[in-house]
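Protein chains: 2
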Amino acid sequence: MLSPIQLRETGLKQLRHACSNCSLRELCLPVGLSPDEMRQVDQLVTQGRPIKRGEALYRAGEPFHSLYAVRLGFFKTSIVSEDGREQVTGFHMNGELIGMDAISTEHYTCDAVALEDSEVCEWPFTEMETMSRRIPSLQRHLYRLMSREIVRDHGVMLLLGNMKAEERIAAFLLNLSQRFALRGYSQHSFHLRMTREEIGSYLGLKLETVSRTLSRFQDQGLLRVQNRLIELKDLDGLKQLMNSCQSS
Amino acid sequence: MLSPIQLRETGLKQLRHACSNCSLRELCLPVGLSPDEMRQVDQLVTQGRPIKRGEALYRAGEPFHSLYAVRLGFFKTSIVSEDGREQVTGFHMNGELIGMDAISTEHYTCDAVALEDSEVCEWPFTEMETMSRRIPSLQRHLYRLMSREIVRDHGVMLLLGNMKAEERIAAFLLNLSQRFALRGYSQHSFHLRMTREEIGSYLGLKLETVSRTLSRFQDQGLLRVQNRLIELKDLDGLKQLMNSCQSS
DNA sequence: CGCCGTCTTGAGCTTGCTCAAGGGTGGTGG
DNA sequence: CCACCACCCTTGAGCAAGCTCAAGACGGCG
Chain Z
1 MLSPIQLRET GLKQLRHACS NCSLRELCLP VGLSPDEMRQ VDQLVTQGRP IKRGEALYRA
61 GEPFHSLYAV RLGFFKTSIV SEDGREQVTG FHMNGELIGM DAISTEHYTC DAVALEDSEV
121 CEWPFTEMET MSRRIPSLQR HLYRLMSREI VRDHGVMLLL GNMKAEERIA AFLLNLSQRF
181 ALRGYSQHSF HLRMTREEIG SYLGLKLETV SRTLSRFQDQ GLLRVQNRLI ELKDLDGLKQ
241 LMNSCQSS
Chain U
1 MLSPIQLRET GLKQLRHACS NCSLRELCLP VGLSPDEMRQ VDQLVTQGRP IKRGEALYRA
61 GEPFHSLYAV RLGFFKTSIV SEDGREQVTG FHMNGELIGM DAISTEHYTC DAVALEDSEV
121 CEWPFTEMET MSRRIPSLQR HLYRLMSREI VRDHGVMLLL GNMKAEERIA AFLLNLSQRF
181 ALRGYSQHSF HLRMTREEIG SYLGLKLETV SRTLSRFQDQ GLLRVQNRLI ELKDLDGLKQ
241 LMNSCQSS
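Below, the structure written as structure tokens:
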């Protein structure tokens with residue numbers, strides 16, 4: 001049986017554990033917190049909250065109070081335009097923080113849906129904000145995480161604005177591969193958590209195009225695809241492909 | 001002749017002035033600062049620094065030390081992929097803050113280039129950060145501005161991922177119109193500061209497509225275009241067009 | 001075993017791109 | 001002040017990437 005304090009510590013500890021056996025520097029938490037600061041943060045972060053596959057962690061329009069760190073599992077975030085078109089804005093795995101879009105309006109602006117059974121740590125934002133005034137490295141860390149999200153979004157804009165279908169898919173697979181590798185998983189072989197349609201929505205393509213392109217890559221020996229299992233057989237080939245288009 | 005303190009205050013005063021005769025709430029500065037806090041911020045923000053048309057305020061790769069508030073003029077920010085393709089990530093007018101992408105890596109990740117003779121206020125970030133610990137509303141404001149940038153980027157992703165050429169152009173024009181209106185300028189008639197190619201880069205289209213689409217809109221009576229002068233004649237028509245595509 | 005959601009593949013079409021030519025405009029220097 | 005030049009914009013014709021529509025296969029789950 002855990003004491004209340006131990007219980008409280010569970011969330012952060014689990015999150016730290018989820019990021020510990022890999023090189024996720026700064027992905028979840030700032031480095032160099034003192035034991036006392038660590039304890040303060042600990043008391044703020046709630047323990048892992050489970051979200052079942054298909055469930056929404058939050059939906060666009062709901063009032064904002066917390067950021068969420070994915071501790072385990074896989075999420076997609078998406079926005080829906082006035083006339084009902086969905087755009088997936090990101091896929092998020094353990095150690096990544098979501099919900100930052102909600103700070104400006106105090107309401108979430110996307111839906112966050114679990115693509116497999118998942119767990120998140122809740123970061124109550126107002127409290128986090130207050131604490132970040134006492135702990136400079138925490139404050140800096142929050143700025144950094146938000147900035148990183150902006151940089152990531154710019155990368156997606158480049159992908160959507162400039163790349164051809166093959167390049168987009170190659171970039172997408174390489175990005176996933178790299179993120180899995182960072183977490184200590186295989187960079188060559190992994191399971192796609194999302195449907196072809198969701199991939200397509202993220203990449204600005206139709207699901208048929210995603211499917212066809214994957215098949216073509218397989219024919220070319222770049223990878224093996226069996227349903228949602230992907231085995232990348234030629235990472236260099238994919239990288240080359242990604243930068244190969246001389247469009248302007 | 002101004003005293004040193006008056007000189008120091010010039011930057012913030014000018015910025016505030018640039019945003020005063022319009023409803024740019026929270027665009028440049030948090031509301032509700034005490035006079036003393038105001039003075040502290042004043043001493044941090046440098047006075048307007050001029051940037052000539054075509055000059056870069058900063059370039060990708062340069063070390064980061066400041067955010068910049070556009071006081072006057074017009075900027076584009078753009079990233080360049082490894083193989084040399086440019087993606088315009090945004091156009092920025094008075095009262096808008098740029099450079100937030102640089103916080104995460106301590107280096108700017110885009111180029112920021114003036115599209116007309118402009119002036120910026122410099123916000124030294126480290127000092128801003130320190131001060132934001134003493135002034136909660138300033139801290140909150142910085143978080144908000146970064147969050148807003150994330151939301152904006154998601155909107156662009158929706159545009160690039162889901163919209164057809166006509167919709168993109170309509171959305172672009174309406175967005176500009178709205179931002180001019182916010183600043184007290186005409187929402188019907190304005191001057192484009194950027195080339196067709198830059199518009200195209202932002203919208204994921206080729207310059208010929210931009211040109212053709214504008215011509216078509218003119219033929220349809222939606223607007224009048226003469227070089228870079230745009231006169232929107234049917235805002236509702238454009239809005240309708242923007243949400244008209246039933247692509248899935 | 002059967003059903004539903006998901007994926008694959010084909011055929012034809014449409015949008016936006018490419019390539020090309022020509023005209024306008026604004027800035028500069030004679 | 002005018003002429004020239006560089007850059008920007010427009011428009012056309014043909015093409016190709018990716019979309020639409022459709023049919024069928026696969027696979028997981030009840």
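Residue numbers (the UniProt record's numbering), protein chains in the order written: chain Z, 1 to 248; chain U, 1 to 248. Note that beta-carbon positions come from the ideal geometry of N, C-alpha and C, so glycine has one too.
What is the DSSP secondary structure of residue i, counted as helix, strand or coil?
i, result
"Thr77 (chain U)", "strand"
"Asn243 (chain Z)", "coil"
"Val156 (chain U)", "helix"
"Gln220 (chain Z)", "coil"
"Thr209 (chain Z)", "helix"
"Ala102 (chain U)", "helix"
"Glu96 (chain U)", "coil"
"Glu86 (chain Z)", "strand"
"Leu7 (chain U)", "Residue placement at Leu7 (chain U) cannot be trusted, given a pLDDT of 47 that sits under 50; what the coordinates show is reported in the next sentence. Helix at Leu7 (chain U)."
"Glu122 (chain U)", "strand"
"Gln139 (chain U)", "helix"
"Val225 (chain Z)", "strand"
"Asp236 (chain U)", "helix"
"Cys22 (chain U)", "The pLDDT assigned to Cys22 (chain U) is 49, lower than 50, so where the model puts this residue is not dependable, and the model offers no usable value."
Out of the options, point me to the one whose CA is closest to residue i's CA.
i, options, result
"Leu112 (chain Z)", "Z:Gly61, Z:Asp234, Z:Ala181 and Z:Gln43", "Note that residue 112 (chain Z) is Ala in the sequence shown, not Leu. With distances taken between Cα atoms, Ala112 (chain Z) lies closest to Z:Gly61."
"Leu214 (chain Z)", "Z:Asp236, Z:Ala170, Z:Pro124 and Z:Gly161", "Z:Ala170"
"Cys121 (chain Z)", "Z:Val45, Z:Leu158 and Z:Glu37", "Z:Val45"
"Lys76 (chain U)", "U:Ala114, U:Val70 and U:Ala102", "U:Ala114"
"Glu86 (chain U)", "Z:Leu160, Z:Arg133 and Z:Phe172", "Z:Leu160"
"Lys239 (chain U)", "U:Ala102, U:Arg168 and U:Ser201", "U:Arg168"
"Cys28 (chain Z)", "Z:Leu241, Z:Leu97 and Z:His188", "Z:Leu97"
"Pro35 (chain Z)", "Z:Ile135, Z:Asp219, Z:Leu235 and Z:His141", "Z:Ile135"
"Met163 (chain U)", "Z:Glu116, Z:Ile51 and Z:Ser201", "Z:Ser201"
"Met131 (chain U)", "U:Asp234, U:Tyr58, U:Leu223 and U:Gln43", "U:Gln43"
"Phe172 (chain Z)", "Z:Leu203, Z:Ser66 and Z:Arg53", "Z:Leu203"
"Glu127 (chain Z)", "Z:His107, Z:Cys110 and Z:His65", "Z:His65"
"Leu33 (chain U)", "U:Gly54, U:Pro63 and U:Arg140", "U:Arg140"
"Glu37 (chain U)", "U:Tyr185, U:Arg133, U:Lys206 and U:Ile51", "U:Arg133"
"Leu205 (chain Z)", "U:Leu158, U:Phe190, U:Ile51 and U:Gln226", "U:Leu158"
"residue 251 (chain U)", "Z:Lys52, Z:Gln218 and Z:Tyr143", "Coverage of chain U is limited to positions 1 through 248, which leaves residue 251 (chain U) absent and any answer about it impossible."
"Arg53 (chain Z)", "Z:Arg39, Z:Arg59, Z:Asp219 and Z:Glu116", "Z:Glu116"
"Gly221 (chain Z)", "Z:Leu235, Z:Ser211, Z:Asn227 and Z:Ser78", "Z:Leu235"
"His188 (chain U)", "U:Arg59, U:Leu223 and U:Ser78", "U:Leu223"
Do residue j and residue i count as a contact pair if the criterion is CB distance below 9 Å?
i, j, result
"Val88 (chain Z)", "Glu166 (chain Z)", "no"
"Val41 (chain Z)", "Leu138 (chain Z)", "yes"
"Leu229 (chain Z)", "Leu192 (chain Z)", "yes"
"Asp153 (chain Z)", "Val156 (chain U)", "yes"
"Ser104 (chain U)", "Phe74 (chain U)", "no"
"Glu149 (chain U)", "Met194 (chain U)", "no"
"Met93 (chain U)", "Arg179 (chain U)", "yes"
"Leu72 (chain Z)", "Gly90 (chain Z)", "no"
"Asn243 (chain Z)", "Asp83 (chain U)", "yes"
"Arg216 (chain Z)", "Gly95 (chain Z)", "no"
"Trp123 (chain Z)", "Ala69 (chain Z)", "yes"
"Ala102 (chain Z)", "Ser147 (chain U)", "yes"
"Gln218 (chain Z)", "Val210 (chain Z)", "no"
Following the continuous beta strand (DSSP E) through residue i, name the residue where it begins and the one where it ends.
i, result
"Arg71 (chain Z)", "Ser66 to Leu72"
"Tyr58 (chain Z)", "Ala56 to Tyr58"
"Leu229 (chain Z)", "Leu229 to Leu232"
"Ser189 (chain U)", "Ser189 to His191"
Which stretch, first to last residue, makes up the alpha helix (DSSP H) that contains residue i?
i, result
"Gly204 (chain Z)", "Run containing Gly204 (chain Z): none; DSSP gives neither H nor E here."
"Pro50 (chain Z)", "First-last for Pro50 (chain Z): Arg49 to Ile51, but that is the beta strand (DSSP E), not the alpha helix (DSSP H)."
"Ala170 (chain Z)", "Ala165 to Leu182"
"Asp117 (chain Z)", "Taken as a continuous stretch (DSSP letters only), Asp117 (chain Z) belongs to no alpha helix (DSSP H), as it is neither H nor E."
"Gln43 (chain U)", "Pro35 to Leu44"
"Glu127 (chain Z)", "Phe125 to Arg134"
Since residue i and residue j should fall inside the 8 Å C-beta cutoff, what is the C-beta to C-beta distance between them, to a whole number of angstroms?
i, j, result
"Val151 (chain U)", "Thr109 (chain Z)", "5 Å"
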